[in-house]
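There are 2 protein chains.
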Amino acid sequence: MRVDARRNREHLLATAKAVIAEQGPEASLNEIARRAGVGPGTLYRHFPTRQALLAAVFQDRVETLCAKAEDLLAHTSPDEALALWSRDVLAHALTDGGLSTSMTLGEAELGFDCHAAMRSAATGLLARAQGEGRTRPDIDVEDFFQLVTGVALAASELPGGLGRAEHLLSVTLAGLRG
Amino acid sequence: MRVDARRNREHLLATAKAVIAEQGPEASLNEIARRAGVGPGTLYRHFPTRQALLAAVFQDRVETLCAKAEDLLAHTSPDEALALWSRDVLAHALTDGGLSTSMTLGEAELGFDCHAAMRSAATGLLARAQGEGRTRPDIDVEDFFQLVTGVALAASELPGGLGRAEHLLSVTLAGLRG
DNA sequence: ACCTGAACACCGTTCAAGT
DNA sequence: ACCTGAACACCGTTCAAGT
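Sequence lines, in order, name chains A and B.
The letter at position 95 of the first sequence is residue 95 when you use the UniProt record's numbering, and the numbering goes up by one with no holes.
The letter at position 51 of the second sequence is residue 51 when you use the UniProt record's numbering, and the numbering goes up by one with no holes.
What follows is the structure, encoded as structure tokens:
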């Protein structure tokens, strides 16, 4: 990779993070390129699809969430771990519409498959909560994610912020216990 | 209202219903006008905003939902009425992305305020379920709607259809009972 | 090898000109 | 009074031409 290419990529990514923080994940790609002082073709060269760009933008946060899952798995009781991680996922989801992108991301992008990473982090927490804790056994990882995603999507449409979202999440978590 | 204006309006509405059934609520307004054989200005004259158009398109279904609520209020037990109505709302939501529009609709459009209508229908069902039934008292109508909307939004992003959505809803309803 | 930016087909929206 | 459709400023996306 040529030096100017590498520099372009980094600058595009930094610009994308800023613009997406301002305008959300639907931000105009042309504007990102414009602000980065680069032609639209250059953006497409580095990030062939919007999803590829979003994966790169959110990668850090998803990795942090996965690390947090490992940590909770090792140091917290089954039910509490699941509840705490759900809240973290919710907070991530409410920041720049991060979840819908991280969750929906189907295929590996840039050697980093957000969907699989989140799924495997959640699988451990959920299985333990179902074995040693009080979580209903007829729930799978996909159900769990859809419920948390649902609360996040609904809460992001109406005002109320994280506080309201956490209230809704507490209802959902109660449902998961039966 | 002139006869040609009235005819244009009706034809636009019918065309909009068809196009939205095909492409969802984000369908191109220009295309709706084009298919109706009318200039875009004419569509804007009759429906000044997209929300106004969507309100007209979904009005029948929202009215049906409200009538159903009245019915359940009169003829079904508190808990069952709330559960059955939730399922109806969910089914509506999964058809052409109907819910997000009906729910988010803030102000009166065409003398028909979807949001208020749905809210008042739900208020009766929820209050009764909290008084005579087993529903948690710390839930208000807005919470209830957000939770159902959340399940609908999440279920509409991933495959699985109404069946999967009903499974998720059952978890949420369990949560509403504490 | 990589960047460039004009170009294409769209979008929502407006508004002068018509009837 | 109502309709018309060209026009405007955008959008995502592509690709020949440059360096």
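Backbone N, C-alpha and C fix where the C-beta goes; we use that ideal spot for every residue, glycine too.
Keep in mind the model is a prediction, meaning the values are calculated, not measured.
Asked                                                                                                                                                    : Found
What separation, rounded to the nearest whole angstrom, lies between the Cα atoms of A/L29 and A/I20?                                                    : 10 Å
Check each candidate in A/T149, A/S156 and A/I139 and name the one with the smallest Cα separation from A/G178.                                          : A/I139
In terms of residue numbering, what span does the alpha helix (DSSP H) encompassing B/P78 cover?                                                         : P78 to L94
Considering only the alpha carbon of each residue, which of A/L162, A/G133, A/L158 and A/L169 lies closest to A/Q146?                                    : A/L169
Looking at the secondary structure, which residues open and close the alpha helix (DSSP H) in which A/S120 lies?                                         : C114 to G131
Would you call A/G39 buried or exposed, if buried means 16 or more other Cβ atoms sit within 10 Å of its Cβ?                                             : exposed
Taking 8 Å as the CB-CB cut-off, is B/H167 touching chain A?                                                                                             : yes
Note down, in chain order, all residues in the stretch 128-160 of chain B with a beta-carbon under 9 Å from any beta-carbon belonging to chain A.        : R136, D138, I139, E142, D143, F145, Q146, L147, V148, T149, G150, V151, A152, L153, A154, A155, E157, L158 and G160
Residues in the same chain with beta-carbon distance under 8 Å from B/D88, minus the five sequence neighbours each way, listed in chain order, please.   : L65 and K68
Which stretch, first to last residue, makes up the alpha helix (DSSP H) that contains B/T15?                                                             : V3 to Q23
Should B/G97 be flagged as near chain A, meaning a C-beta pair shorter than 8 Å?                                                                         : no
Hey, B/H11 and B/A33: beta-carbon distance below 8 Å or not?                                                                                             : no
If you run the structure through DSSP and keep just helix, strand and coil, what is A/L158?                                                              : coil
Anyone know if the C-beta pair for A/P25 and A/G97 falls short of 8 Å?                                                                                   : yes
Verify whether the separation of the beta carbon atoms of B/W85 and B/L125 is less than 8 Å.                                                             : yes
How long is the line joining the alpha carbons of A/T149 and A/D113, rounded to whole angstroms?                                                         : 18 Å
At a Cβ cut of 8 Å, what residues of the UniProt domain "HTH tetR-type" (6-65) of chain B count as close to chain A, listed as they run along the chain? : none
Does the beta carbon of B/G106 sit closer than 8 Å to a beta carbon anywhere in chain A?                                                                 : Confidence at B/G106 is low in this model, with a pLDDT of 49, below 50, so the placement of that residue is unreliable and no value is reported for it.
Would you give the residue range spanned by the alpha helix (DSSP H) that B/G41 belongs to?                                                              : P40 to H46
Where do the N-terminal and C-terminal ends of the alpha helix (DSSP H) with B/A74 fall, by residue?                                                     : R50 to H75
What residues in its chain sit with their C-beta under 7 Å from that of A/T42, if we drop five residues either side in the sequence?                     : N8 and A33
For B/R6, count the other beta carbons within 10 Å of its own beta carbon; 16 or more makes it buried, fewer makes it exposed. Which is it?              : exposed
I want to verify the contact list: residues of chain B whose CB lies under 9 Å from the CB of A/A117, in sequence order.                                 : Result: empty, since nearest Cβ-Cβ is about 18 Å, beyond 9 Å.
Compute the beta-carbon to beta-carbon distance between A/T172 and B/G175, rounded to the nearest angstrom, for a pair I have assumed lies under 8 Å.    : 5 Å
Mind listing the chain A neighbours of B/A174? Cutoff is C-beta to C-beta under 7 Å, in chain order.                                                     : G175 and G178
Exposed or buried, which one is A/R2 when buried takes at least 16 other CB atoms within 10 Å?                                                           : exposed
Report back the beta-carbon spacing between A/A152 and A/L94 to the nearest angstrom; my notes put them in contact at under 8 Å.                         : 6 Å
Taking the alpha-carbon positions, what's the B/A52 to B/Q59 distance?                                                                                   : 10 Å
Compare the Cα-Cα distances from B/D4 to each of B/H46, B/E22 and B/D143 and report the closest residue.                                                 : B/H46
Provide the residue span of the alpha helix (DSSP H) that contains B/I32, from first to last.                                                            : L29 to R35
For A/D143, does the three-state DSSP call read helix, strand or coil?                                                                                   : helix
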